Amino acid sequence: MSLELKNVEKKIGLDTHIYSTNLKLEKNTINILLGSTLAGKTTLMQIMAGLDKPTSGEIWFNNKNVTGMKVQKRNVSMVYQQFINYPNFTVYDNIASPLKITGVSSDEIKQRVGKVAELLKLSGMLNKKPNELSGGQQQRTALARALVKDSDLILLDEPLANLDFKLREELREELPKLFENRDCIVVYATTEPSEALLLGGNTATLQEGKIIQYGKTLDTYNKPNSLVSAQVFSDPPMNIAKIKKSGDQCSFLQNDIQWKTRLNIKDGEYKVGIRPHNITTYKEGKNTLEIKGKVLISEISGSESLIHFTNGNLNWVSLSNGVFQKNVGDEMNLYMNTDEFVYFDQNERLVSNG
Amino acid sequence: MNKTVNQKAWFFVIPVFVLVAFNAIIPLMTVVNYAFQETFGNNVFMWEGTRWFKQIMLSERFHASLGRQFLFTFIILFIQIPLGIAIALTMPKEGIGVPVCLVLMSMPLLIPWNVVGAMWNIFALPDIGFLGHSLNALGFDYNFTQQIGDAWFTTILMDVWHWTSLVVLLSYAGLRSIQPAYYQAAEIDGASRWAIFTKIELPKMKKVLTIAILLRFMDSFMIYTEPFVLTGGGPGNATAFLSIDLVKMALGQFDLGPAAAMSLIYFFIVLLVCWVFYTLMMRNEEKS
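Chains F and U supply the protein sequences, listed in that same order.
Anchor point for the first sequence: position 130 equals 130 in our numbering, and the numbering is continuous, going up by one each time.
Anchor point for the second sequence: position 189 equals 543 in our numbering, and the numbering is continuous, going up by one each time.
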C-alpha cells in the first residue's frame, strides 16, 4: 500500500497554492505535514483525499492512478480542526454513520462502534448528542468516526488545535497508540514542531506551498536540509547569526565571540542556526560558549523559561529548564552548546558535516 | 470581593424609565383604562368592569376575524418558510452573484407597506391590472374585489412576495455559517444531498429558522396596511383580519370600550403564542 503524488500542482486563478510536489507515503506510517498556517497543508490533504483535484499531476494509490476519483470511492477518512459531527445524531449514530452508508450488518456495526468507543474512552456517552459533550469528547467522537471504518488513508488536519492545553496533551499521547496495528497510511497536519516529534514517523516540512524536506521525523529535525526547513521545525523560532570561519576558528560577525569547530569546510562566511533550547542559563554539553545578554523580555511557559535578550545588535531567544524571572534590562551570562549548532552556507543550504 | 453599595446609581436608570413610560406604559395604560370603562366623551367615564371582555370573547364577529387571522398566518408560514429555505439553498455561495442576489432579494423588504398594497391592488385589478387582466385573458374568472377565494389568493400572494425574502436572507445567513468541513465530512461518508440537508443543514439552521418563524408569525398576525389597501377587508368581511376589524370597531363605530378590550386580548394572544413557541424551541435546544 502506498500513496504517491507525482508532480502535483494546485493553482487557483493566478495563485499557486501547491508548487509541483512529489511525495511517496508508505504503508503503516504516520506522516506529518509540518508548516505554518497557509503553508498548504490542508490543500495538500484535500488533494490526497480526492476532495480537491490538482491542477496538474497525478495521484497514485496502490500503484493505481486515482487522480479525479471521487472521495466516496477512495476509502478515506478525515478529522478536522473543528469538531465535525452530525449535530442531531447521538455519539453512537455519529460513529456508526460511515458504516451505515456502506451497508455493514447492524450486529457488526454494534461490535465495531463498541470497540472504537472503548479505545477512545467514549463508552459512557454513546447516547449523548455532540453538543452535550466537552470539546475533547467531541473531537474523540470525530476521531472514532474516522477510525471505525478500515480506511486506507486517514487524514488529520490539525485535530488538536482547537482543544485546550490539558486535553491536547492527553489526546496527543493517545494518538500514536490509536494508529498502531492499523493497515493504513496516516497523514497528520500540524503547526507545532513538538507534536511532530512526539508522533514520530516521517515529517515533511512545508512552506508557502512547497515541501522543503521529507524524511524520518528525527532526521528532518536533526539534519535540516536548509535554513527554511530548520525554521519550520523550530518553536520558538531558531536564532540565526552570520559567522566567519577561518581555520578551525569560528566567530560571529556581530561580536568577537570565538569558538573552535571540527567542521571540515572552506573558510568564509556562513550562517549558524541555534535552537532556543541550546542557549541556556546553565552550561550544557561539552563545548559551551559564554554570551553576555541584556534581557528584553522574560516569560515563563510551563516549566520552562524563555528569555529574549540582545547581544551585538541581534535579538536572541533562549529557552531554559526551570522557572525564573529576569527583569528587563538585566545583564546576564548565557551559555550556548556549540555541538548543537547547525551551519548553513550563504544560499541557506545545510553545510554537510565532514 | 466586596461590592460597593451606591444607591445613587439608580438615577442613571431614570432616563430609560421615563422613555419607556412615555412610549409603552402610558399608551398601554390608556387602552387598559378604556377597556374597563364606558365613556360618552367630555372626559366622563363609568366603570364597566369586565363587561367588554366578556362581550368580545363571546362575540361571533371576533371569533370569525380571529379564525381568519390564524388561517392566514398558517398559510403564509406554510408557504414562506419552505420556499425561503429552498431559495436560500439555490443562491450562489461566492462571486459576484452573492451581492446581486442579496440586493435583489431585499428589494421587496424595502418597499413601504402601503405602497405594496397599492401596487398589488393595481397589479391585480381584473380590467387594467397586468395580473388580473392576464388571468382573465387565460380564461380564469378572476376578480379579487368580488370573489372571496380570489381576494385570499391575492392577499397571500402579496404577502409571500413581500416577506419570503426575509426568510431567504435569514436562511442564507444560517447556511453560510456552516463550516465547509461539514460538507466535506458528508462527502467522505458518501451522504446524499437529501441527507446533507436533513442531517446537517436543517439542524444547523434551527436557530435562525426559529427567529424567522417567530418574526413572520408576529408580523403576519398583526398585518394591517397591505390588506387594508388591497381589499379593505372585503369582499364583505372575507379578508378582515384582526387588526382591520379592530380599527373598524374603534374608529369606524367608535366603540372604544370593546375595541380597547379587543386590543388587549389581541396583545395577549400574540404574547402567548410567541412565548409558547419560544419556550418549546428552547426546551428542544436544551435537550439536544
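Yeah, the Cβ is synthetic: ideal placement off N, Cα and C, and Gly gets one too.
Everything numeric in this text was worked out from a predicted model, so none of it was measured.
Task: Cross-strand partners of R349(F) (DSSP beta bridge) - done: R349(F) is bridged to S226(F).
Task: Pick from F165(F), R112(F), M1(F), E26(F) that is closest to L147(F), judged by C-alpha positions - done: For L147(F), the closest of F165(F), R112(F), M1(F), E26(F) by C-alpha to C-alpha distance is R112(F).
Open item on the list: As a quick exercise: from S318(F), K64(F), P54(F), pick the residue whose alpha carbon is nearest that of G40(F).
Closed with: Ranking the options by Cα distance to G40(F), first place goes to P54(F).
TODO: Taking only the alpha-carbon atoms, compute the straight-line gap between E26(F) and L153(F) and give it to the nearest angstrom.
DONE: Distance between E26(F) and L153(F), taken at the CA atoms: about 11 Å.
- [ ] Name the residue from K73(F), N28(F), N63(F), K64(F) whose alpha carbon lies nearest to the alpha carbon of N50(F).
- [x] Contrary to the premise, residue 50(F) reads as Gly rather than Asn in this sequence. The alpha carbon of G50(F) has as its nearest neighbour, out of K73(F), N28(F), N63(F), K64(F), the alpha carbon of K73(F).
Open item on the list: Quick check on I95(F) - is its C-beta less than 8 Å from some C-beta in chain U?
Closed with: It does not: the Cβ of I95(F) has no partner Cβ on chain U nearer than 8 Å.
TODO: Report yes if the C-beta of I435(U) is less than 7 Å from at least one heavy atom of the ligand ZN; otherwise report no.
DONE: Although the ligand ZN was asked about, the structure shown includes no ligands whatsoever.
TODO: Tell me whether the beta-carbon of F309(F) lies closer than 8 Å to the beta-carbon of G285(F).
DONE: Result no, Cβ atoms of F309(F) and G285(F) do not sit closer than 8 Å.
Open item on the list: Please classify S97(F) as buried or exposed, where buried requires at least 16 other C-beta atoms within 10 Å of its C-beta.
Closed with: In this structure S97(F) is buried. Its beta-carbon is surrounded by 16 or more other beta-carbon atoms within 10 angstroms.
Open item on the list: Counting only C-beta atoms, is E555(U) closer than 8 Å to chain F at any point?
Closed with: No, no contact with chain F.
Open item on the list: Determine, for I542(U), whether the minimum Cβ-Cβ distance to residues of chain F falls below 8 Å.
Closed with: For I542(U), at least one C-beta of chain F is nearer than 8 Å to its own C-beta.
TODO: Taking only the alpha-carbon atoms, compute the straight-line gap between F571(U) and W406(U) and give it to the nearest angstrom.
DONE: The alpha-carbon separation between F571(U) and W406(U) amounts to approximately 27 Å.
Open item on the list: What does the alpha-carbon distance come out to for the pair A566(U) and V385(U)?
Closed with: Approximately 30 Å, taken between the alpha carbons.
Open item on the list: Less than 8 Å between the beta carbons of P236(F) and V317(F), yes or no?
Closed with: With contacts defined by Cβ atoms closer than 8 Å, P236(F) and V317(F) form a contacting pair.
Open item on the list: If the criterion is Cβ atoms closer than 8 Å, does the pair N239(F) and I211(F) meet it?
Closed with: Remark: C-beta atoms of N239(F) and I211(F) do not approach each other more closely than 8 Å.
- [ ] Pull up the DSSP beta-bridge partners for D15(F), would you.
- [x] Looking at the DSSP assignment, D15(F) forms a beta bridge with I12(F).
- [ ] Just tell me which of T288(F), I297(F), N327(F) has its CA closest to the CA of N337(F).
- [x] Each of T288(F), I297(F), N327(F) was checked against the Cα of N337(F), and the nearest Cα belongs to T288(F).
Task: Interface residues of the segment 68–88 of chain F facing chain U [CB-CB below 7 Å] - done: Cβ contacts with chain U: V71, Q72, V76, S77, M78, Y80, Q82, I84, Y86, P87, N88.
TODO: Name the residue from L120(F), I307(F), E173(F), N75(F) whose alpha carbon lies nearest to the alpha carbon of G200(F).
DONE: Measuring from the Cα of G200(F), the nearest candidate turns out to be E173(F).
Task: Where G354(F) falls, given that 16 or more other Cβ within 10 Å makes a residue buried - done: Any reading at G354(F) must be qualified, since the residue scores a pLDDT of 35, below 50, and its modelled position is unreliable; no value is offered.
Open item on the list: To the nearest angstrom, how far is the alpha carbon of R140(F) from that of E158(F)?
Closed with: If I take the Cα positions, the gap works out to 13 Å.
- [ ] Report back the beta-carbon spacing between L610(U) and T444(U) to the nearest angstrom; my notes put them in contact at under 8 Å.
- [x] For L610(U) against T444(U), the beta-carbon gap comes to about 50 Å, at or over 8 Å, which does not count as contact.
Open item on the list: Our contact map puts I307(F) next to S298(F) with C-beta atoms below 8 Å; I'd like the distance itself, whole angstroms only.
Closed with: The pair is a contact, with the Cβ atoms about 5 Å apart (cut-off 8 Å).
Open item on the list: Would G68(F) and V8(F) qualify as a contact pair, given that the criterion is a beta-carbon distance under 8 Å?
Closed with: No, they are not a contact pair.
Task: CB contact check: K447(U) to chain F, cutoff 8 Å - done: Not flagged as an interface residue toward chain F: K447(U), since no C-beta distance is shorter than 8 Å.
- [ ] Measure the CB-CB distance between T427(U) and S574(U) and report whether it falls below 8 Å.
- [x] It is a contact, given that the beta carbons lie within the stated cut-off.
Task: Closest by C-alpha distance to T37(F), when choosing among Q325(F), N347(F), Q207(F), Q346(F) - done: Out of Q325(F), N347(F), Q207(F), Q346(F), Q207(F) has the C-alpha closest to the C-alpha of T37(F).
Open item on the list: Give me the residue from N62(F), T90(F), R349(F) with the minimum Cα distance to Y270(F).
Closed with: Per the Cα distances, R349(F).
- [ ] Under 8 Å by Cβ, that's how I've got I291(F) and L334(F) pegged, so tell me the actual separation to the nearest angstrom.
- [x] Beta-carbon to beta-carbon, I291(F) and L334(F) are separated by about 5 Å, close enough to satisfy the 8 Å threshold.
- [ ] Please state whether DSSP places V323(F) in a helix, a strand or coil.
- [x] Secondary structure of V323(F) (DSSP, three-state): coil.
- [ ] Would you list the one or two residues that DSSP bridges to C250(F)?
- [x] Beta-bridge annotation (DSSP): C250(F) is paired with K245(F), W259(F).
- [ ] With DSSP as the reference, label I274(F) as helix, strand or coil.
- [x] Three-state DSSP puts I274(F) in a strand.
Open item on the list: Assuming A155(F) and M1(F) are in contact, meaning their beta carbons sit under 8 Å apart, how far apart are those beta carbons, in whole angstroms?
Closed with: Checking the sequence, you will find Leu at residue 155(F) rather than Ala. L155(F) to M1(F), Cβ: 15 Å. No contact.
Task: Helix, strand or coil at E340(F) according to DSSP, with G and I counted as helix - done: Residue state, collapsed to three classes: helix.
Open item on the list: One question on the structure: do A472(U) and M78(F) come within less than 8 Å of each other, judged by their Cβ atoms?
Closed with: No, Cβ-Cβ distance for A472(U) and M78(F) is not below 8 Å.
Open item on the list: Is A539(U) close to chain F? Criterion is C-beta to C-beta, closer than 8 Å.
Closed with: At least one C-beta of chain F is nearer than 8 Å to the C-beta of A539(U).
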